[in-house]
Amino acid sequence: MKPNRTVENAVLASPMVLFLLAMLGFPVILSLVYGFSETRFEALTSPTFNGLDNFRQVMADTSFWQAAWFSLRFGVITAILQCTLGLFLAVYLAPLIRRHSWMVAVLIIPMVVAPAMIGLMYRLVLHEFVGPLPHYLFQWFGASPAFLNGANVFKTVVVAETLQWTPFAFVLFLTAYQAIPTEMREAATVDGTRPWRMFWKIELPLMMPTLFAAVFVRFIDGFRVFDTIYTLVGPGPGGATTSMSIYIYETFLRRGEIGKAMAAAILLFLSAFLVLAVAQHLLRRRG
Amino acid sequence: MRVQSYLRAGAAALALLAGPTILQAEVTVLGWPGGPEEAALRAVTDIYNGKAEVAAENKVDLLFTSREGFFDKLQVDLAAGSTAFDVNLIATYSIGKYAPFMEPVILSEEAKKVFGDTVLKTMQYDGQQFGVPTDLSLHFLYYRKDLIDALMADDAAKTKYAEIAQKYLGEALQPKMPEDWTWRDFAANALYFSQSVNPDSPTRYGTVIQMKNLLFNMMVFHSWPRSYGANWMDDAGNVTVDSEAFRTALEMAKMLYDAGATPADSASYEYAEANAAFSSGQVAAMVQWNAAATELMTAQPTTGTFAPPAGPDGRFTHIHGLGLGINKASDNKEGAGAFLAWLSGEEAALAYAKAGGAPGLASETAAKVAADRPDLVQAGDYASNYGFVMNGGTSANALGIYEAQAKEFTGFWAGTQDLDTTMKNITASMTELLKK
Chain D
2 MKPNRTVENA VLASPMVLFL LAMLGFPVIL SLVYGFSETR FEALTSPTFN
52 GLDNFRQVMA DTSFWQAAWF SLRFGVITAI LQCTLGLFLA VYLAPLIRRH
102 SWMVAVLIIP MVVAPAMIGL MYRLVLHEFV GPLPHYLFQW FGASPAFLNG
152 ANVFKTVVVA ETLQWTPFAF VLFLTAYQAI PTEMREAATV DGTRPWRMFW
202 KIELPLMMPT LFAAVFVRFI DGFRVFDTIY TLVGPGPGGA TTSMSIYIYE
252 TFLRRGEIGK AMAAAILLFL SAFLVLAVAQ HLLRRRG
Chain V
150 MRVQSYLRAG AAALALLAGP TILQAEVTVL GWPGGPEEAA LRAVTDIYNG
200 KAEVAAENKV DLLFTSREGF FDKLQVDLAA GSTAFDVNLI ATYSIGKYAP
250 FMEPVILSEE AKKVFGDTVL KTMQYDGQQF GVPTDLSLHF LYYRKDLIDA
300 LMADDAAKTK YAEIAQKYLG EALQPKMPED WTWRDFAANA LYFSQSVNPD
350 SPTRYGTVIQ MKNLLFNMMV FHSWPRSYGA NWMDDAGNVT VDSEAFRTAL
400 EMAKMLYDAG ATPADSASYE YAEANAAFSS GQVAAMVQWN AAATELMTAQ
450 PTTGTFAPPA GPDGRFTHIH GLGLGINKAS DNKEGAGAFL AWLSGEEAAL
500 AYAKAGGAPG LASETAAKVA ADRPDLVQAG DYASNYGFVM NGGTSANALG
550 IYEAQAKEFT GFWAGTQDLD TTMKNITASM TELLKK
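Take a look at the structure:
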């Protein structure tokens, strides 16, 4: 007699399901309730249903759209930069890494540092009076750019994010690059294919699914960025570096507009979900 | 029988778990972490716990988290009815926000004599005392005496100074001693000591203004417009932020920023960055919190201090207090109240001051620690003579107002929006926040 696998699976999975329901399900339900209610800190347990009011307020808030535009730009630019750099490093360093695999551990160090620490580190490194970078720029050239003023702050946070997360893209691409069968490259070489053509016509197409996945993962991460920017420059002059996550945090805790913050969080979730769905669709079509 | 055994074992396990909680029925105080406030609170707590008359269940235990997001975490804890602490920190600008979750405190009979009415008021909301003031924050003007002395002794430098003032401020101002400065003198001095304006300046910048989009930076800035007569609201409750006073101060600060009299990165500066700039010796003068006195004077021994510059309406300094009050959800309100009553007396205040804290002491009490803490005498004097709190500065949404101003004003300074738009936006935000 065959064992009842369905019951067995359900029993084995139940602790994890219960854990997820408690840890993720409850906050999600609470967010939904608050998103459609008028709520104050003094009355967290008795929210008043107010329909779509919070969503209307969010949509009418210019700061929300400013944050959404910032997040979109930041997500797209950092994803493209990280994936381009990561791809270049993976392909360029692959022969070296084949001989010295320990190099991977060194190259991914930025990725293992907490993003908040990266923000604080750059705050120190870029400070005109105590930071090493401006110090040497003053010493060598007699001047240093203001890395964190209104004109440069966007570029600076993009560079900080790119330097931290390029290793993530690099590791993905390296794995995909190394998974390409050696026979293919050997056959192409025997046929006289030049390295550049081999990359464009053979290697890159084979790595395309990884490239898609990396771009979308990095875009979503960039879109909801918080720690690095918040610890480095905060919301920025005039809200210039306010991402969607920073907008939600400030609306919730600083301004005490809980319902509005939750409505914005739901919109952020839906937009991230939409991007993921599009990515999956594109990948499936390609596959 | 077996069921009974299980129940007994369960009860024993629960008792073991609950044991430490029962034994820990002391008064838990959530204090301001790090810095002199923590050291001073530890010192007075030791004195209190050493008293024979304090029962074991009322001994004080201290709890510290981190400063980053402290008030956000506190808000969530209080709203959730946390009993993890009996006494918690409050600040003047957040009393209105936290008062619904707190109990009024009863001060000792000495409190009025020890602190004085002005300082006690920094812990009041709706006519009730919600906290014992522990630390008083206000602003000093920090300046390099060596630079001012050299300027005052050099006629060629004075001529150059007047030329710069004429060009940027439309008036050939003459150098003065900082005790006599108006904000226009402050600006002229800042321009003169900036290499972007005066290549011969011994310092790279004449001042450093903290322009990061951060609520605390607005407090530092407020002394400036206030001296021109600014307020958040008039007595009738109308929002008056769109005033000539705010406009003048905002434009003067922007002029200094655009002229390079403050570092271009000032747009991202807060307390630590501004202190680092002054400490480097590349800044001639700045307005900064009184708490920075030791740090700045150690780094630059020729540093002098005075109250912030004056304006047409007089000399002003923003003041706010940090203090301790009772959590409404506390399990030991009696013990908490007893500790706070003792903390509001002279013995505790003097011990707190000697241990490095910065209580706002009335002149008679401050005189008793003048030998150890001369800065407290100066701070008490400035608080009494120049201290102010904006109308609405202790309202439930005061923090939100500071946040909104930080966003709008920094946007103007950074050039992302003009002054009219800034004033329109901040008036709308403040009207909304003050009506809630």
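Chains as they are written, first to last, in my numbering: chain D, 2 to 288; chain V, 150 to 585. Ideal Cβ positions, reconstructed from N, Cα and C, are used throughout, including at glycine.
Quick one: does residue i have its CB under 9 Å from some CB of chain V?
i	result
alanine 28 of chain D	The identity of residue 28 of chain D in the sequence shown is proline, whereas the question assumes alanine. For proline 28 of chain D, the answer is no, since every Cβ of chain V falls outside 9 Å of its Cβ.
proline 48 of chain D	no
glutamate 162 of chain D	no
leucine 233 of chain D	yes
serine 254 of chain D	One point to set straight first is that residue 254 of chain D is leucine, not serine, in the sequence displayed. Output row for leucine 254 of chain D: interface = yes.
histidine 101 of chain D	no
leucine 45 of chain D	yes
serine 64 of chain D	yes
phenylalanine 171 of chain D	no
glutamate 251 of chain D	yes
phenylalanine 42 of chain D	yes
Against chain D, does residue i count as a neighbour if the rule is that its beta carbon must be under 9 Å from one of theirs?
i	result
threonine 565 of chain V	yes
tryptophan 229 of chain V	In the sequence as displayed, the identity of residue 229 of chain V is alanine instead of tryptophan. Yes - at least one Cβ of chain D is within 9 Å of the one on alanine 229 of chain V.
glutamine 437 of chain V	no
aspartate 221 of chain V	yes
glutamine 224 of chain V	yes
tryptophan 181 of chain V	no
phenylalanine 264 of chain V	no
threonine 170 of chain V	Residue placement at threonine 170 of chain V is flagged as unreliable, the pLDDT there being 42, under the threshold of 50; the coordinate-derived value follows with that caveat. For threonine 170 of chain V, the answer is no, since every Cβ of chain D falls outside 9 Å of its Cβ.
lysine 573 of chain V	no
glycine 474 of chain V	no
threonine 559 of chain V	yes
leucine 499 of chain V	no
lysine 556 of chain V	yes
Where does residue i sit, in a helix, a strand or coil, going by DSSP?
i	result
glycine 235 of chain D	coil
tyrosine 247 of chain V	helix
serine 372 of chain V	helix
tryptophan 201 of chain D	helix
serine 512 of chain V	helix
glycine 536 of chain V	strand
alanine 229 of chain V	coil
asparagine 476 of chain V	strand
glutamate 175 of chain V	coil
phenylalanine 264 of chain V	helix
histidine 289 of chain V	Correcting the residue identity first, residue 289 of chain V is phenylalanine in this sequence and not histidine. In the structure shown, phenylalanine 289 of chain V sits in a strand (DSSP, three-state: E or B).
Tell me which same chain residues have a C-beta within less than 7 Å of the C-beta of residue i, skipping the five on either side of it?
i	result
isoleucine 171 of chain V	In this predicted model, isoleucine 171 of chain V has a pLDDT of only 41, less than 50, meaning its place in the structure is not dependable enough to derive any value.
asparagine 362 of chain V	Ala555, Lys556 and Thr559
From what residue to what residue does the alpha helix (DSSP H) around residue i run?
i	result
lysine 68 of chain D	First, the amino acid is wrong: residue 68 of chain D is alanine here, not lysine. Taken as a continuous stretch (DSSP letters only), the alpha helix (DSSP H) holding alanine 68 of chain D covers 63-100.
isoleucine 297 of chain V	294-301
asparagine 338 of chain V	332-341
methionine 401 of chain V	393-407
alanine 441 of chain V	Note, alanine 441 of chain V: premise wrong, no alpha helix (DSSP H); not H, not E.
proline 111 of chain D	110-113
leucine 292 of chain D	Chain D is shown from 2 up to 288; residue 292 of chain D falls before or after that span and cannot be answered.
alanine 423 of chain V	420-428
Just to confirm my understanding: we take residue i, look at its own chain, exclude 5 residues before and 5 after, and list those with CB closer than 6 Å. What are they?
i	result
glutamine 165 of chain D	Pro111 and Ile119
glutamate 39 of chain D	Thr49, Asn51 and Gly260
glycine 230 of chain V	Ala478
For residue i, collect the residues of the same chain with a Cβ closer than 8 Å to its Cβ; drop the 5 residues on either side in sequence, then sort them by chain order.
i	result
alanine 147 of chain D	Glu129 and Asn153
threonine 176 of chain D	Thr211
tyrosine 420 of chain V	Gln359, Phe365, Gln437, Trp438 and Ala441
In the DSSP assignment, find the unbroken beta strand (DSSP E) run with residue i in it and report its ends.
i	result
tyrosine 354 of chain V	354-356
glycine 453 of chain V	452-455
For a cutoff of 9 Å on Cβ pairs, would you count residue i as touching chain C?
i	result
arginine 333 of chain V	In the displayed structure, chain C is absent; the protein chains listed are D and V.
Any chance the CB of residue i is under 8 Å from a heavy atom of the ligand SAH?
i	result
tyrosine 341 of chain V	With respect to the ligand SAH, the structure offers nothing, as it holds no ligand at all.
Residues from the stretch 392-416 of chain V in contact with chain D, defined by Cβ distance under 7 Å: Pro412, Ala413, Asp414 and Ala416
Looking at chain D, which residues of the stretch 247-260 of chain V have a Cβ within less than 9 Å of any of its Cβ atoms? Pro249 and Phe250
Return the residues of the stretch 147-159 of chain D that lie within a Cβ-Cβ distance of less than 8 Å from chain V, sorted by chain order. Ala147, Phe148, Leu149, Asn150, Gly151 and Val154
Relative to chain V, which residues along the stretch 224-249 of chain D have a C-beta separation below 9 Å, given in chain order? Thr232, Leu233, Val234, Gly235, Pro236, Gly237, Pro238, Gly239, Gly240, Ala241, Thr242 and Thr243
Could you run through the stretch 118-129 of chain D and flag, in chain order, every residue whose CB is less than 9 Å away from some CB of chain V? Arg124, Leu127, His128 and Glu129
Near-chain D residues of the stretch 361-382 of chain V - C-beta to any C-beta below 9 Å: Lys361, Asn362, Leu363 and Leu364
Counting only Cβ-Cβ distances shorter than 8 Å, please list the residues of the stretch 429-458 of chain V near chain D, keeping chain order. Ser429 and Gln431
At a CB distance below 8 Å, what residues from the stretch 535-550 of chain V approach chain D? Give them in sequence order. Asn546, Leu548 and Gly549
Contacting positions in the stretch 256-278 of chain D - beta carbon closer than 8 Å to chain V: Arg256 and Gly257
Chain V contacts from the stretch 128-142 of chain D (Cβ-Cβ distance under 8 Å): Taking 8 Å as the Cβ-Cβ cut-off against chain V, the residues of the stretch 128-142 of chain D that qualify are His128, Glu129, Phe130 and Val131.
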